[in-house]
Structures are given as structure tokens and as C-alpha cells.
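Reviewing the structure listed below.
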Amino acid sequence: MLTKRVNQFAVTLLGVLLFTSCTKKDLFSSSGEKELKNIEVTAFVHPKWSPQLADSYEVAVGITRNDKVNYTALIPNIRGLERAETSNLKEVAITASASESHSKKNLNRSIDDTLEVVKETIQLAKSKNIVSRAYLSTVFGCPYEGHVSINKITEIVKKLLDMGAYQISLGDTVGMANPLQVKEILTEVFKVIDDKKQIALHFHDTRGLGLANALVGLEMGITTFDSSLGGLGGCPYAPGATGNISTEDLVNMFHSMGVETGINLEKLVEVNLFLEKVLGRPLSSKYSKTYIATKKVPV
């Protein structure tokens, strides 16, 4: 039996963009009571590109915060960092892509130009005592280019760490990854890092392999996984992508294997029910469906 403790979940909830500001604040406030260690609450991006995030500041400052939870926000540049600082967030996540085409679609910049922006942003964040995490998109495949070179992946990972990012989350942006590929890429990435804690995994469940991929990561020593409550999420510049792997299903898999997470699974179901009620439709979490059916929880 595995006895490893997975003590970090970077729970992204960017699939709830159509909620009202009040609903978002209620959601993130209640999520902080479920023993989640890290919650990414919003993205400070220009409302021209994501009008649903025009309320990002209102949401970030309006959350009832739990001192035991690390609240973060996704940022694209220094302007986003400034907004995160005024929101009193102590950590930011900045994104880059391993695919030139995706980088230009998602960030409107080449990879090299993006890395320059990332470097400047991380350096400024450090001067403000804000720590930086980085997302690296399309690691396991690009919707525009297909296969992405492992050499390119390891090169960018090394650069991001050298810039000062404390952790790089390897993103399966459109859910193209398979377990063998995860093993192969991690094997190469481990050669250019000092500590496996510097790497996290971010899977989408587009083809139903999200949990299998996460299991390979766990077995190879990864202890930080990005997930989303109810399996919400998805990148607007990644055609065909579905939501992230469900936090409830991921935690359930780990608990079933004897892997501790420190997360109260039953309380996560409460949040899932809240989300379903607001959205007016069922979410993809298999564990929540089973729990509700067996416990006869009113919906």
C-alpha cells in the first residue's frame, strides 16, 4: 500500500467564469474550508480577451480567506502582477507554452518573447515578496502542431526554474497525454531539475486518461497536481479540450490507495452540489455521483 502524502492540490476553478461575482466569492470562500491547501481564485487578464473575468479584483478581495489556504491567481504579465499585489495575494502563476503556435494563439507572443515577459514578471514579484509558479502548456501535445519536442520542454523548464519560479506545472492542455508518454517526459524533465517538488502535473480528462496519467506521476514521485472541482475548466485557445481532472475523483483515487491528502472528500461533494445547483446541470465528477446515490443526499 502506498503511504505517500500528497499535500498540495492547486485547485483551479476557471470553469466557473459565467458565475456572478457573489457566487464566485461564496464558492472560493467555502472551498477554503475543505482542507484544500492551494486555490487559484481568478486570472488577472484583460477583460477584452476574457470578459467573464472583469470582476477578478472584486472576487480576489471579497473572499473570506482561511489562514491555512494559499490563494493564488493566474497572471500573464507585470500588469497582472500589480493587480494580484493590490489584491493581497502572496503567490502568482504565470504561463508559457512549449508550442510556438499555441503561444501565439494563447498569449499573442512567441515563446522567446513570452519568456522575456515571464522573467521580468518573476523578478518584480520577488522584489515584492510574491512567489511565482509557472504553467507550461502543451507539454503533452499541441492542438495546432501535434507532437512537442522533449528537448524544447526540458529547455523551457530549466529556463523557468532559473528565472525563479519555484515550481513548474506541466500542462496537458488538450488532454492528449497517455501514461507511457507521462513516464517518458517526466524521466527527461527529472534530469534537468534538482528536486521533484519543482514539478507539478496538470491534466485534462478529454480522452478519459486523466486519472491514469496522474497515477503515473504519483508513482514517479510527483506530489502536486492541478485539478478542478467538478471537472470544470478548459483553455479557450485549445480546441477540443474539456475540463481538468475532477478534484473529487483525484482525491478519491489517492484515498482508495492509502495515499493521504489531508482533504475532506465528503465536504468536496458539498461544493460539487453547490456548483451543480448554480449551473443547473450535472458535473463530471464520478465520485460525487456515486456518493450522492449511495448516501441518498438530497440534490
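Counting from 1 along the sequence shown, just add 700 to a position and that's the residue number in this note's numbering.
Ideal Cβ positions, reconstructed from N, Cα and C, are used throughout, including at glycine.
Model, not experiment: these values are computed from the prediction.
Buried/exposed call for residue i, threshold 16 Cβ in 10 Å
i: H746; result: exposed
i: A798; result: buried
i: A900; result: buried
i: E884; result: exposed
i: P776; result: buried
i: Q881; result: buried
i: N788; result: exposed
i: M863; result: buried
i: E816; result: exposed
i: Y991; result: buried
i: E960; result: exposed
i: A834; result: buried
i: P843; result: buried
i: S849; result: exposed
i: R779; result: exposed
i: H802; result: buried
i: G908; result: exposed
Bridge partners - residue i, DSSP secondary structure assignment
i: R833; result: A793 and Q867
i: S658; result: For residue 658 there is no data in the structure shown, the boundaries of the chain being 701 and 999.
i: G846; result: C842
DSSP-derived helix/strand/coil call for residue i
i: I922; result: coil
i: L909; result: coil
i: E960; result: strand
i: I853; result: helix
i: L901; result: strand
i: D812; result: helix
i: I822; result: helix
i: M953; result: helix
i: T873; result: coil
i: K828; result: coil
i: I893; result: coil
i: P879; result: helix
i: S988; result: helix
i: L968; result: helix
i: K995; result: helix
i: K737; result: coil
Residue i and residue j closer than 8 Å at C-beta
i: N964; j: G930; result: no
i: G933; j: S984; result: no
i: F903; j: I945; result: yes
i: N738; j: N770; result: yes
i: I856; j: L836; result: yes
i: D905; j: G871; result: no
i: D949; j: Y987; result: yes
i: T821; j: L781; result: yes
i: E740; j: A793; result: yes
i: V831; j: Y866; result: yes
i: T795; j: L824; result: no
Interface flag, residue i vs chain C, CB-CB below 8 Å
i: I885; result: Note that chain C does not occur in the displayed structure, where there is just one protein chain.
Which runs of the beta strand (DSSP E) fall wholly inside the region 739-805 and span at least 3 residues, in chain order? Correct list: 770-775 and 791-797.
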